[in-house]
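Single-structure report; data block below.
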Amino acid sequence: SLLNVQQDAGSIREVLDERDRLDSRLDGVARQSLDGSAMVQSRLTPTGLQITMQFDGDVRLRQDWVKSPDGHHLTVIETWTTPAVRQPIVFRRSYDRLDI
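Counting from 37, one number per residue, gives the positions in the sequence shown under this note's numbering.
The following block contains the structure:
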């Protein structure tokens with residue numbers, strides 16, 4: 037998959053495979069995003085970026101973004117929690133930077 041990320045001092049835009057778009061401010065305040073389907077909160081952390089999404093039915097997604105020291109690789113750790121499953125479901129995605 038292709039992840040396009042645009043960031044400035046106060047916001048981030050993430051587009052996955054040219055169709056799923058997330059716009060969020062980096063101030064830690066939850067706001068509606070993903071075409072109104074989730075409340076999204078984003079903040080910078082010492083290791084990168086954390087994005088938390090709250091969906092209907094008490095389904096939550098937390099993404100921890102960590103860049104490699106050279107800036108050419110990004111690891112996104114996704115932790116899903118839902119009332120239907122006892123343990124969190126964790127995925128790890130890795131991206132390589134393409135300089136266009």
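Heads up, the beta-carbon is just placed ideally off N, CA and C, and yes, glycines get one too.
These numbers were taken from a predicted model, which means no experiment stands behind them.
Review point. For the beta strand (DSSP E) that contains T88, what are its first and last residues?
Key: G84 to F91
Review point. What's the call for V121, buried or exposed, on a 16-neighbour Cβ count within 10 Å?
Key: exposed
Review point. Which value, in whole angstroms, describes the spacing of the CA atoms of V39 and H109?
Key: Here the sequence assigns Leu to residue 39, which means Val is not the residue at that position. Looking at the two C-alpha atoms, the distance is approximately 12 Å.
Practice item. Compute the Euclidean distance between the alpha carbons of W101 and D92, then round it to the nearest angstrom. Key: Cα to Cα, the separation comes out at about 24 Å.
Review point. If you run the structure through DSSP and keep just helix, strand and coil, what is D71?
Key: The DSSP-derived three-state label of D71 is coil.
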